[in-house]
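Chain order of the listed sequences is A and B. Counting in full-length UniProt numbering, the first sequence runs from 1 upward without gaps. Counting in full-length UniProt numbering, the second sequence runs from 1 upward without gaps. One structure below.
2 protein chains.
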Amino acid sequence: MSSMDKNISPAVIKRLPRYYRYLGALKAKNITRISSKELSERMKVTASQIRQDLNNFGGFGQQGYGYNVENLYVEIGKILGLDKSNQMIIVGAGNLGQALANYQDFNNNSIGFQVIALFDVNPKLIGITVHGVEVHDIDDMEEFIKNHEIKIAALTLPQDQAPKIAKDLVSWGIKGFWNFAPVDLTLPDSVTVENVHLAESLMTLTYNIHSREDGEGAE
Amino acid sequence: MSSMDKNISPAVIKRLPRYYRYLGALKAKNITRISSKELSERMKVTASQIRQDLNNFGGFGQQGYGYNVENLYVEIGKILGLDKSNQMIIVGAGNLGQALANYQDFNNNSIGFQVIALFDVNPKLIGITVHGVEVHDIDDMEEFIKNHEIKIAALTLPQDQAPKIAKDLVSWGIKGFWNFAPVDLTLPDSVTVENVHLAESLMTLTYNIHSREDGEGAE
DNA sequence: TAGATTGTTAATCGATTAACAATC
DNA sequence: TAGATTGTTAATCGATTAACAATC
Chain A
1 MSSMDKNISP AVIKRLPRYY RYLGALKAKN ITRISSKELS ERMKVTASQI
51 RQDLNNFGGF GQQGYGYNVE NLYVEIGKIL GLDKSNQMII VGAGNLGQAL
101 ANYQDFNNNS IGFQVIALFD VNPKLIGITV HGVEVHDIDD MEEFIKNHEI
151 KIAALTLPQD QAPKIAKDLV SWGIKGFWNF APVDLTLPDS VTVENVHLAE
201 SLMTLTYNIH SREDGEGAE
Chain B
1 MSSMDKNISP AVIKRLPRYY RYLGALKAKN ITRISSKELS ERMKVTASQI
51 RQDLNNFGGF GQQGYGYNVE NLYVEIGKIL GLDKSNQMII VGAGNLGQAL
101 ANYQDFNNNS IGFQVIALFD VNPKLIGITV HGVEVHDIDD MEEFIKNHEI
151 KIAALTLPQD QAPKIAKDLV SWGIKGFWNF APVDLTLPDS VTVENVHLAE
201 SLMTLTYNIH SREDGEGAE
């Protein structure tokens, strides 16, 4: 209802955070206005694409002027849901889970994400504190989620455990998964899964490195 | 020359690791053959897409039979460059760098990736060992890369340092970057960059969570 | 006002899906 | 051989780019 989503394509959505990052950088440089043309040169995309993308959400610009940096930054933030509080838990307090808990890039109030608990089965980890956040017993997770009305869970646990725990988490109210386990989660349509498949990302890198080596003398 | 790359689209390349993962799982279940139709049902893509994708690289199947799982697994591994040794270094031995050094998913010989050194400026980190891999002084990086003929570097360092260090690394022989810094690296065309922008991935997650909430009653 | 730049429609391009002849 | 399933061409669909009238 609020944003009368006329089914925005995933390709557009994936580009929004990058616009947001560039606008943040412009803001930090005290640049107050920018045209789609100049932004397109900085970002190495077409000005057409920028205007098309933004116009999915409303007319943020002004003819003859361009876009107000501060305003556009705020608007894209709202579109992405960064104005809401986004508390999350991390399930699996191993190296990756702890790294995410420590990660300053998003884990600060200015962007609005906040890790409020880690969970693990390992008694050696339960009770320790990572970046001021406590590792809890995974058996206490249901109650914690319900008490704190958590909607987002990062999954940084072994592949074989991820599907079952994800299913439980959905029944306890989790609406979005940030999934680092190398497995595809099959969950109801009302639930969102954002995969970060690190091993797969690394494989596309090696593909590109090797294919460039081979194609050196290409036309 | 070797693979006479007829310019495979990035969309196809990004799907290959997922095929590889599914074939590995089939192999582990001792399934020896699979048709594009059955694989398409498991992976929730069209059989057409699977056949089109694979045929960019050669006729791996057999009419009336389907694909041999073991063979296809090996072939896709070769396409991705997993048969070659892929030694890499991690630049930035903070939480994320250490987590990657520890990450078992790719950091084992069976897939062919191997982290052989971490680098940092922090004297407190230099000399420690993470998952059997030593953290070196970043001043020793040039010599190390040249001695070991390293081609791949993971960048897990602060955003403001990434562009300069990436430039240096290129001059020392690095061909591919696995970039975790929230910045776009501008480098020569001969160099490959695979970005893992965690904060941006998390933002698309919140977008989807919130837009589903709003659109609940949509047709 | 004249100049600049948006918002938006139309044209192009590329990727996905469907269909089917080839063939194991 | 008959049945199954690929490899590949053709049709469709969606996303990107170009163009330009609207308008600040």
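We treat Cβ as the ideally placed atom computed from N, Cα and C, and that holds for glycine.
Would you check if the distance between the CB atom of residue i and the CB atom of residue j is smaller than 7 Å?
i: B/Ile126; j: B/Val135; result: yes
i: A/Val193; j: A/Asn208; result: no
i: A/Leu155; j: A/Ala117; result: no
i: B/Phe57; j: B/Ile79; result: yes
i: B/Glu142; j: B/Trp172; result: yes
i: A/Met43; j: A/Tyr67; result: no
i: B/Thr204; j: A/Ile13; result: yes
i: B/Ala93; j: B/Asp137; result: no
i: B/Asn95; j: A/Asn122; result: no
i: A/Val69; j: A/Leu26; result: yes
i: A/Gly81; j: B/His148; result: no
i: A/Ala99; j: B/Ala199; result: no
Using CA atoms only, rank isn't needed, just tell me which of the options is closest to residue i.
i: A/Ser40; options: A/Arg15, A/Phe57, A/Lys29; result: A/Arg15
i: B/Leu72; options: B/Lys84, B/Tyr20, B/Tyr65; result: B/Tyr20
i: residue 223 of chain A; options: A/Gln114, A/Phe144, A/Asn195, A/Ile145; result: Since the first residue of chain A shown is 1 and the last is 219, residue 223 of chain A is not available in this structure.
i: A/Gly176; options: A/Val121, A/Ser190, A/Leu82; result: A/Ser190
i: A/Gly24; options: B/Val183, B/Ser211, B/Ile31; result: B/Val183
i: B/Leu185; options: B/Lys164, B/Lys29, B/Leu198, B/Glu200; result: B/Lys164
i: A/Leu202; options: B/Asn55, B/Glu70, B/Ala153, B/Ile128; result: B/Ala153
i: B/Ile174; options: B/Asp53, B/Phe144, B/Lys124, B/Leu54; result: B/Phe144
i: A/Pro158; options: A/Val45, A/Lys146, A/His197, A/Leu54; result: A/His197
i: B/Val45; options: B/Ala28, B/His148, B/Arg18, B/Ala166; result: B/Arg18
i: A/Gln87; options: A/Lys146, A/Ile31, A/Asn30, A/Lys29; result: A/Lys146
For the beta strand (DSSP E) containing residue i, name the first residue and the last one.
i: B/Ala153; result: 152-155
i: A/Gly176; result: 176-179
i: B/His136; result: 133-137
i: B/Leu23; result: B/Leu23 -> not in any beta strand (DSSP E); alpha helix (DSSP H) instead, spanning 10-28.
i: B/Ile90; result: 86-91
i: B/Gln114; result: 113-120
i: B/Asn195; result: 192-195
Can you grab the Cα-Cα spacing for the pair residue i / residue j, in whole Å?
i: A/Met1; j: B/Tyr65; result: In this prediction, A/Met1 has a pLDDT of 36, which is less than 50 and means its spatial position is unreliable; what the coordinates show is noted afterwards. Cα to Cα, A/Met1 sits roughly 50 Å from B/Tyr65.
i: B/Lys37; j: A/Ile76; result: 41 Å
i: B/Ser85; j: A/Thr206; result: 10 Å
i: A/Val170; j: A/Ile150; result: 11 Å
i: A/Glu91; j: A/Gly97; result: This sequence places Val at residue 91 of chain A; Glu is not what is there. Computed Cα separation, rounded: 7 Å.
i: B/Gln63; j: B/Arg33; result: 12 Å
i: B/Leu187; j: B/Pro10; result: 19 Å
i: A/Ala218; j: B/Asn7; result: Confidence at A/Ala218 is low in this model, with a pLDDT of 40, below 50, so the placement of that residue should be treated as unreliable; the coordinate-derived value is given next. So the alpha carbons of these two residues sit roughly 11 Å apart.
i: A/Gln104; j: A/Asp83; result: 18 Å
i: A/Asp140; j: A/Ala47; result: 50 Å
i: A/Leu54; j: A/Ser35; result: 12 Å
i: A/Thr129; j: B/Gln52; result: 50 Å
i: A/Lys29; j: B/Lys167; result: 23 Å
i: B/Ile31; j: B/Gly112; result: 23 Å
i: A/Asp160; j: A/Lys124; result: 21 Å
i: A/Asn195; j: B/Ala162; result: 25 Å
i: B/Ile89; j: A/Ile89; result: 30 Å
How far does the alpha helix (DSSP H) with residue i in it reach, from first residue to last?
i: residue 229 of chain A; result: In this structure chain A extends from 1 to 219, so residue 229 of chain A is not present and cannot be described.
i: A/Gly127; result: First-last for A/Gly127: undefined, no H or E at that position.
i: A/Glu143; result: 141-148
i: A/Asn102; result: 95-102
i: B/Ser35; result: No alpha helix (DSSP H) contains B/Ser35, which DSSP labels as neither H nor E.
i: A/Gln52; result: 47-55
i: B/Leu187; result: No alpha helix (DSSP H) contains B/Leu187, which DSSP labels as neither H nor E.
i: B/Pro163; result: 162-171
Proximal residues, the segment 195-207 of chain A versus chain B, C-beta separation under 9 Å: Asn195, Val196, His197, Leu198, Ala199, Glu200, Ser201, Leu202, Met203, Thr204, Leu205, Thr206, Tyr207
Interface residues of the segment 72-92 of chain B facing chain A [CB-CB below 8 Å]: Ile79, Leu80, Gly81, Leu82, Lys84, Asn86
Interface residues of the segment 168-190 of chain B facing chain A [CB-CB below 7 Å]: Lys175, Gly176, Trp178, Pro182, Ser190
Where the segment 12-27 of chain A meets chain B: residues whose CB sits under 8 Å from a CB there: Ile13, Lys14, Leu16, Pro17, Arg18, Tyr20, Arg21
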